[in-house]
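To start, the structure under review is shown below, and the notes come after it.
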Amino acid sequence: MKYKLTLLGLLFSFFVVAQSKNQTAVIDVDGVCGMCKSRIEKACLQTKGVKLANWNVETHQLKLIFNNQKTDLDAIKSNIASVGHDTDNYKATEEAYMSVNMCCRYRDEKVVQEHK
Amino acid sequence: MKRFCFFYYDKFFYIICCLFLTSNNTHLLAQDNLGGQVYEVAEDGKSYGLFGANVYWQDSNIGIFTDEDGGFEIDYESTTHKNLIISYVGFKTDTLSITSNKFIKHQLIADNNLDEIEISVKEKASKQSYLTPTNTIFVSSDELLKAACCNLSESFETNPSIDVNFADAISGTKQIKMLGLTSPYILVSTENVPSVRGASQAYGMSFIPGTWIESIQVTKGTGSVVNGYESIAGQINAELQKPSKDYSFFLNAFGSTAERFELNLHVNQKVSDKLDTGIYLHGNLLKTKHDVNKDGFMDMPNYNQINFLNRWEYKDLENGIIGFLNLRILNDNKLSGQTNFDPNNHKFSETYWGSEINTKRYEIASKLGYVNPFLPYQSLGVQLSFSSHQQDSCFGLRSFDILQNSLYANIIYNSIISDSRHKIKTGFTFSADSYNESVYDIVYDRDESAIGSFFEYNFDNLDNLNLTAGIRFDYHNLMGAFVTPRLHIRYTPWTKSSLKFAVGKGQRTANIFAENQKLFASNRSIEILNTNGKIYGLDHEVAWNYGVSFLQGFNLFNKKSDINIDYFITDFKNQVVVDYENPLLVRFYNLNGQSRANSFQFEFSQQTFKNFDLRLAYKYYEVTTDYLEGKKSMPLTPKHRFFANIGYELQSDLNDSEWKFDLTYNWNERQRLPNTSSSPDQFRQKEYAPSIGTMNFQVTKVFSKKFEIYFGGENITNVRQNNPIINAENPFDDYFDSTMIYGPIFGSMYYTGLRLKID
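Right, here's the structure in full:
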């Protein structure tokens, strides 16, 4: 498998060049719906250096690709928290949390049940 | 620790909080580090470290990611940290019970079920997107099952955005229109490779069997630049069945009261983990000669078709490689004309008028896609296809033969600029077409080749704005060098709404004979009035298309409803005008003046009650061209149209059995007929053909996931055009003309069929 990868790497060398400073990460972010998804991803992408953010509504996992010379996970997580979404070690302030739509209040058990 | 959440507001506060925490939390003084490695065992039996796996303690906020080799080191405090959770997208999440500080080597098992999460929200069979910047309608396979849909050209009977014309008696093929313009102005592609064009323009859509189609995307306006410069009124892309997703066995049989029979057979087989193959076979047959209106001419042709497709699908998701290979063979024969016509005895004689159209097509198409597994927004796609299309035909004393060999190659690179809000697509296209054409004994041979590059930029602010700007530069041996710009904008002013603008340019060479084959079924003389151009003496066609649309979703009496309004203008800079305004002639000439198509559509759809869908549409077309004799509206194009479709599903709670009902009504206002004022009295037509309304229905009974039967009727009110052929008594004399078709010729037709699906 590895040699195949190497071959591909050679073929598309420009992919690899771009990759050296790119870091992939998967983190858990709390949320409930498609609106949350767009809010979370937007917060990530507005962090300079983040190239891709994809949050899964079902698993609550956020896949990130970012340039680790320009940003880091802490900065991204704190930006996510600042728009109202909890991550593992950065929690949204009450103020930020209350700024999300009523239907997105993921801390409310009733709201979570409604989305199931 | 939760009470400190408020301070996690920005980095500064975070640092303060951390200092605060560490100084107060005595447990942390006894802190240790636990090391380990997370790996997977690949198919080759070797183990590889997993980069970026999530490792964290249960009920804590302490977590980290593994490094390039899958290694990690995590804070460890034996009294509070018991369960270590390791998770990674695409793998099963594991929880390890930690009792002592030992190096952990842990294997994660791939979770193959990840792709199989089913979303059980009821999808509408056909829907407009709130999100895409282009005016695209997605037609799912559910919509295709609403009518018999024997082939692609018949798939749009239940869709108001596309107008399906009544089939003429000679070809029996339904032609489609969009924005009031005929199908040559629509780019029809299969899996994004332009397929119905050139020699196959007139009948090509009837050569794509309905069951082969997985879904259809219909774009109004010029659409994306990626698939070429030819689209003017719209793009229609048909996605074919994928061997890995289609049933391992599928059988569809169809029979109608017109004694038309069709058979579709799909067999799909998994060859290996990564390779799937499928064989798709279609056959149709109509042997009975019908002449309901007793004019001596068959109402629809006799035909037989064998259509064979073999697909290979290669999927290696780990390395991000997807490939397709299609091999296709088609043989189609049509026979029409006077019922007594026997091609062996009467061909090219004046005993009986008859027509034969024999088509053979070979096609090989391949697609290879590479998605960077580490950076999924980077991908490279290569499309390569070759086709040979040969049509030999005779119409009375006239012969028309055309052979087109065609090669198409497209390379597309997808990536982002800075982040995934800014997407780009860029690449190269090469196409070559060689035409050998003879009309009577006049030979028109032509070679076309074009090379071009395109660049498309998409901006999505993830909120209310999505914009696609594309540009192509092409060099064509007959059209020269030219630029094709296109722009699409989607703006969401408020919730559940979508406002779209589109502007774009398209251009093409017109294959005047292949596109207007119906003219051969008349005794009109053909005149090409220009001689200086490079395509039959004519210039190429250039048009700009402008469009605006507004989509609004709302609740009316608590029912989910949608309103869609759109307005499009197509403005031809040059057009090859097809002029039927003299009953003895068909004239082709370059546009001198203005040619415009204005189209307005209002559509309302609603889920009136559970499982009951209603769709209403009103369409207004104003298509005018400056003919030699002055400005006129396009003949056989009604100004006002009305469309209604209702669908109802009756589901049983006990098993998978289901009833589905579907009813479609189409109404066309009076249509202008080509000018016949110079004809003798008995052949002179009225200025306008009467308005016409037709109704189709279908009922499907689903017995189980494996078996269903359906029956339906087309034109159930039995509307007929009375004299579809002018001067049918003397088909070898002047004024014989079967081109003025504005209504059904055959009358009502009923059909039944079955579908058998085995997974």
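Residue numbers (my numbering), protein chains in the order written: chain A, 2 to 117; chain B, 855 to 1613. The beta-carbon is built from N, C-alpha and C at its ideal position, and this holds for glycine as well. These figures come from a predicted structure and were not determined experimentally.
Is DSSP giving P1339 (chain B) helix, strand or coil here? Within the second sequence, the letter at position 485 stands for residue 1339 (chain B). Reduced to three states, the DSSP call for P1339 (chain B) is strand.
What residue does the beta strand (DSSP E) around L1184 (chain B) start on, and which one ends it? Taking the first residue of the second sequence as 1, we reach residue 1184 (chain B) at position 330. Note, L1184 (chain B): beta strand (DSSP E), 1175–1191.
By the criterion of Cβ-Cβ separation under 9 Å, what are the contact partners of N908 (chain B) in chain A? Residue 908 (chain B) sits at position 54 when you count from the first residue of the second sequence. A26, V27, I28, D29, Q62, D89, listed in chain order.
Going straight from the alpha carbon of Y1329 (chain B) to that of A1286 (chain B), what length do you get? To locate residue 1329 (chain B), count along the second sequence from 1; it is residue 475. To locate residue 1286 (chain B), count along the second sequence from 1; it is residue 432. Spanning the two alpha carbons is a distance of roughly 12 Å.
For N1198 (chain B), does the three-state DSSP call read helix, strand or coil? Translated into the one-based positions of the second sequence, residue 1198 (chain B) becomes position 344. When DSSP states are grouped into helix, strand and coil, N1198 (chain B) belongs to the helix group.
Closer than 7 Å by C-beta to F957 (chain B): which residues in its own chain qualify, once you throw out the five before and the five after it? Chain order, please. Residue 957 (chain B) sits at position 103 when you count from the first residue of the second sequence. So the qualifying residues of the chain are G889, G890.
Please list, in chain order, the chain D residues whose beta carbon lies closer than 8 Å to that of N23 (chain A). Within the model displayed, chain D is absent; protein chains A and B are what it includes.
Which class does G10 (chain A) belong to by DSSP, given the choice of helix, strand or coil? Start at 1 with the first residue of the first sequence, and residue 10 (chain A) comes out as number 9. Its pLDDT being 47, under 50, G10 (chain A) is placed unreliably in this model, and the value from its coordinates should be taken loosely. Here G10 (chain A) sits in helix by DSSP.
Minimum C-alpha distance to V1079 (chain B) - residue among B:R1378, B:I1325, B:V892, B:S1379: Along the second sequence, one-based indexing puts residue 1079 (chain B) at 225. Nearest of B:R1378, B:I1325, B:V892, B:S1379 to V1079 (chain B), Cα basis: B:I1325.
Please say whether G1064 (chain B) and L1006 (chain B) have beta carbons closer to each other than 9 Å? Within the second sequence, numbered from 1, the residue matching residue 1006 (chain B) stands at position 152. Within the second sequence, numbered from 1, the residue matching residue 1064 (chain B) stands at position 210. Cβ atoms of L1006 (chain B) and G1064 (chain B): closer than 9 Å.
Please return the same chain residues whose Cβ sits closer than 8 Å to the Cβ of G1401 (chain B), not counting the five positions on each side in sequence. Reading the second sequence from its first residue, position 547 is the one you call residue 1401 (chain B). Taken in chain order, the residues that qualify are N989, K1074, G1075, K1354, F1355, A1356, V1357, D1420, Y1421, F1422, I1423.
Complete runs of the beta strand (DSSP E) confined to the stretch 1290–1370 of chain B [at least 3 residues]: 1296–1314, 1319–1330, 1334–1345, 1351–1362
Reduced DSSP category for M1154 (chain B) - H, G, I as helix; E, B as strand; rest coil: The residue labelled residue 1154 (chain B) in the question sits at position 300 within the second sequence. Coil.
Can you grab the Cα-Cα spacing for the pair A76 (chain A) / L1508 (chain B), in whole Å? Residue 76 (chain A) sits at position 75 when you count from the first residue of the first sequence. Residue 1508 (chain B) sits at position 654 when you count from the first residue of the second sequence. Roughly 53 Å separates the two Cα atoms.
Partner residues on chain A for G917 (chain B), Cβ-Cβ distance less than 9 Å: Here residue 917 (chain B) corresponds to residue number 63 of the second sequence, with the count starting at 1. Here the neighbours are I28, D29, D89, N90.
For L950 (chain B), go through chain A and note every residue whose CB falls closer than 9 Å to its CB, in chain order. Within the second sequence, numbered from 1, the residue matching residue 950 (chain B) stands at position 96. By Cβ distance, chain A contributes nothing, its closest Cβ being about 18 Å from L950 (chain B), past 9 Å.
Kindly confirm or deny that the stretch 1433–1441 of chain B and the stretch 1521–1535 of chain B touch, where touching means at least three C-beta pairs closer than 8 Å. yes
Just curious, the beta strand (DSSP E) that D1246 (chain B) is in, first and last residue? Walking along the second sequence from the start, residue 1246 (chain B) turns up at place 392. 1233–1249 is the extent of the beta strand (DSSP E) around D1246 (chain B).
Ranges of the beta strand (DSSP E) found wholly within the stretch 1377–1456 of chain B, counting only runs of at least 3: 1379–1382, 1395–1410, 1413–1428, 1430–1433, 1439–1444
Should V51 (chain A) be flagged as near chain B, meaning a C-beta pair shorter than 9 Å? Position 50 of the first sequence holds residue 51 (chain A). At least one chain B Cβ lies under 9 Å of V51 (chain A).
Residues near L1033 (chain B) in its chain [Cβ-Cβ closer than 7 Å; skip 5 each side]: For the purposes of this step, residue 1033 (chain B) is identified with residue 179 of the second sequence, where counting begins at 1. Answer for L1033 (chain B): K1074, A1087, G1088, F1422, T1424, A1451, S1453, listed in chain order.
When you compare the CB positions of I1380 (chain B) and V1293 (chain B), do they come within less than 9 Å of one another, or not? Locating residue 1380 (chain B) in the second sequence gives position 526, counting from the first residue. Locating residue 1293 (chain B) in the second sequence gives position 439, counting from the first residue. Closer than 9 Å, so yes.
Tell me whether M1603 (chain B) counts as near the ligand FMN, meaning its Cβ is closer than 8 Å to at least one heavy atom of that ligand. Looking at this structure, you won't find the ligand FMN or any other ligand, since it has none at all.
Segment limits, beta strand (DSSP E) that includes L1119 (chain B): Stepping through the second sequence from its first residue, residue 1119 (chain B) is reached at position 265. Segment 1114–1124, the beta strand (DSSP E) holding L1119 (chain B).
Grab the span of the beta strand (DSSP E) containing F1481 (chain B) for me, first residue to last. Within the second sequence, the letter at position 627 stands for residue 1481 (chain B). Looking at the sequence itself, residue 1481 (chain B) is Tyr, so the reference to Phe does not match. First-last of the beta strand (DSSP E) with Y1481 (chain B): 1466–1481.
To which residues of the same chain is S901 (chain B) closer than 8 Å at the C-beta, ignoring the five residues directly before and after it? Translated into the one-based positions of the second sequence, residue 901 (chain B) becomes position 47. Counting only Cβ-Cβ distances below 8 Å, and skipping sequence neighbours, we find Y893, E894, V895, Q961.
Compare the C-beta of I77 (chain A) with all C-beta atoms of chain B and state if any pair is closer than 9 Å. As a first step, residue 77 (chain A) must be located in the first sequence, where it is residue number 76. Judged by the 9 Å Cβ criterion, I77 (chain A) is not in contact with chain B.
Mind pulling the chain A residues with CB within less than 7 Å of F945 (chain B)? Translated into positions along the second sequence, residue 945 (chain B) becomes position 91. Residues of chain A passing the Cβ test: none, with the nearest at roughly 10 Å.
Straight-line gap, I1546 (chain B) to I1612 (chain B) (C-alpha atoms, nearest Å): The sequence position of residue 1546 (chain B) within the second sequence is 692, counting from 1. The sequence position of residue 1612 (chain B) within the second sequence is 758, counting from 1. In this structure, the alpha-carbon of I1546 (chain B) lies about 42 Å from that of I1612 (chain B).
Stretch-stretch touch, CB-based, cutoff 8 Å, three pairs: the stretch 1190–1199 of chain B with the stretch 1164–1177 of chain B: As far as the Cβ criterion goes, the stretch 1190–1199 of chain B does not touch the stretch 1164–1177 of chain B, which means the pair count is below three.
Identity of the residues DSSP links to H1494 (chain B) by a beta bridge: As a position in the second sequence, residue 1494 (chain B) is number 640, starting the count at 1. H1494 (chain B) pairs with B:Y1474.
Same chain only: Cβ atoms within 6 Å of L46 (chain A), ignoring 5 sequence neighbours per side: Working through the first sequence from its first residue, we reach residue 46 (chain A) at position 45. Same-chain partners within the cutoff: A54.
Host alpha helix (DSSP H) of A44 (chain A) (start-end): Here residue 44 (chain A) corresponds to residue number 43 of the first sequence, with the count starting at 1. Its alpha helix (DSSP H) spans residues 35–46.
Would you decide whether N1264 (chain B) is buried or exposed? Buried here means 16 or more other CB atoms lie within 10 Å of its CB. Locating residue 1264 (chain B) in the second sequence gives position 410, where the first residue counts as 1. It counts as buried.
In the DSSP assignment, what residue or residues form a beta bridge with D923 (chain B)? In the second sequence, counting from the first residue as 1, residue 923 (chain B) sits at position 69. None, per the DSSP bridge assignment.
Spell out whether any CB of chain A is found under 9 Å from the CB atom of L1316 (chain B). As a working mapping, residue 1316 (chain B) is identified with position 462 in the second sequence. Yes, contact with chain A.
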